[in-house]
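Per full-length UniProt numbering, the sequence shown starts with residue 1, numbered consecutively. Below is one structure; the comments refer to it alone.
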Amino acid sequence: MSYGNSEKPLMECKRGEIKLYKAIQAGFSKDCEKLLTQFARWKSFSFREFAKIWRDMSFSLVFSVKSCSDEFRHFTEVFLFEAKKYYLFAKDIYVKTGALYLMYGIYYKQPLKTYVKIRITKDEFAKVLEYVKEMKESKQMHPLYVYCKLMVDDAFDFVYNQQVNAPDLRHYQVNFVMEDNTFKTDPVGSIESSLNNLLENKDISLINTEYQKALTEYTEHNKSCKLTLFKNNVLDDIKGIVEQSKPPETEPSASSSSRDKEESIGTKRLLIRQKAMENKTVSRKYELE
Numbered sequence: 001m002s003y004g005n006s007e008k009p010l011m012e013c014k015r016g017e018i019k020l021y022k023a024i025q026a027g028f029s030k031d032c033e034k035l036l037t038q039f040a041r042w043k044s045f046s047f048r049e050f051a052k053i054w055r056d057m058s059f060s061l062v063f064s065v066k067s068c069s070d071e072f073r074h075f076t077e078v079f080l081f082e083a084k085k086y087y088l089f090a091k092d093i094y095v096k097t098g099a100l101y102l103m104y105g106i107y108y109k110q111p112l113k114t115y116v117k118i119r120i121t122k123d124e125f126a127k128v129l130e131y132v133k134e135m136k137e138s139k140q141m142h143p144l145y146v147y148c149k150l151m152v153d154d155a156f157d158f159v160y161n162q163q164v165n166a167p168d169l170r171h172y173q174v175n176f177v178m179e180d181n182t183f184k185t186d187p188v189g190s191i192e193s194s195l196n197n198l199l200e201n202k203d204i205s206l207i208n209t210e211y212q213k214a215l216t217e218y219t220e221h222n223k224s225c226k227l228t229l230f231k232n233n234v235l236d237d238i239k240g241i242v243e244q245s246k247p248p249e250t251e252p253s254a255s256s257s258s259r260d261k262e263e264s265i266g267t268k269r270l271l272i273r274q275k276a277m278e279n280k281t282v283s284r285k286y287e288l289e
């Protein structure tokens, strides 16, 4: 499909815009998982515990990088969708409860005069009702209050299909695909994280120091010994593995460089437009700050 000369800058801008949306969505998902993991450790249904973690993480600042009402609206849709995804696919009851509180927090902290509602289908709402029934049976008042508050304030938008049908190019991308990609740990990142934890482990460092000291003393008193000893420094070996796991920096090819340049032009235009349209939003005070 070919575009006229006047349409090319618009398409470049759209591509840069979508690339930015995906990056922010991915970052938001990581923040969600960090928050929900911390909350689940408490094994509590207390909203106060959730609010404390929310404040400690300054979670309200997820809206701070947006500068115009259209962006606020779109990212609120994405954030609510991601929070709902963690709620629907959660296998742990505490993660599910935290995801409900997360939807509640995002909904009431959105800096818009007309709130973006939580899109929900019939099948999805049936799962919500199952959860509510379970909370009633166990007499957990906090999640029940949050659910009732959302219902009374008409926070849900009951829809036939989760996919938004709109001419806007953003809605044809992967922003709103309902699939279980929650808590998917990158194997390489997981190994690297474990190795870094070993480097920070004081016991490992102490054992390594004591071993090197004992090895030096032994070799001084047993110079004729032919026993092969482990002379390597464990911490240095781990550091070497971590360094080797990092991807090498390579020079971009001519084709990829020109393509990246075109995309960056669209992104720069988008950022210039965002700054030009920047406006002040009226802040609201809720229990979550």
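Note that the Cβ used here is the ideal one computed from N, Cα and C, for glycine as well.
The shortest CA-to-CA distance from residue 142 to any of 203, 94 and 158 is the one to 94.
With fewer than 16 other CB atoms across the displayed protein chains lying within 10 angstroms of its CB, residue 58 is exposed. With the rule of 3 Cβ pairs closer than 8 Å, the stretch 84-94 does not count as touching the stretch 46-56.
Per DSSP, residue 157 is one residue of the beta strand (DSSP E) stretching across 156-158.
Of the residues assessed, residue 41 falls on the exposed side of the cut-off, its CB having fewer than 16 other CB atoms within 10 angstroms. Around the beta-carbon of residue 120, 16 or more other beta-carbon atoms lie within 10 Å, marking it buried. In this structure, the alpha-carbon of residue 151 lies about 25 Å from that of residue 28. Exposed is the label assigned to residue 148, since fewer than 16 other Cβ atoms lie within 10 Å of its Cβ.
Distances from the CA of residue 200 to each of 162, 118 and 239 were compared; the closest alpha carbon is that of 239. Per the coordinates, the alpha-carbon of residue 46 lies some 16 Å from the alpha-carbon of residue 137. Taken atom to atom, the span from the alpha-carbon of residue 132 to that of residue 70 is near 34 Å. Residue 78 places its beta carbon 8 Å or farther from that of residue 162. Around the Cβ of residue 39, a 10 Å sphere holds 16 or more other Cβ atoms; the residue is buried. Beta-bridge pairing by DSSP links residue 119 to 157. Counting every other CB atom within 10 Å of its CB across the protein chains shown gives residue 106 a total of 16 or more, marking it as buried. Residue 156 and residue 101 have their C-alpha atoms roughly 14 Å apart. In the assembly as shown, residue 82 is a buried residue. Its beta-carbon has 16 or more other beta-carbons within 10 Å. Residue 214 sits in a helix when the DSSP states are folded into three classes.
Counting along the chain, no alpha helix (DSSP H) covers residue 68, and no H or E run does either. For residue 56, the enclosing alpha helix (DSSP H) starts and ends at 47-56. The beta carbon of residue 144 sits closer than 6 Å to those of 135, all from its chain and outside the five residues before and after it, given in chain order. Under the criterion of beta carbons closer than 8 Å, residue 109 and residue 60 qualify as touching, at roughly 5 Å. Remark: C-beta atoms of residue 112 and residue 73 approach each other more closely than 8 Å. Taking a C-beta distance under 8 Å as the contact criterion, residue 158 and residue 125 qualify as a contact pair. The three-state reading of DSSP puts residue 179 in coil, since its state is none of H, G, I, E or B. Sequence-distant Cβ neighbours of residue 117 in its own chain, meaning closer than 7 Å and more than five residues away, are 155, 156 and 157.
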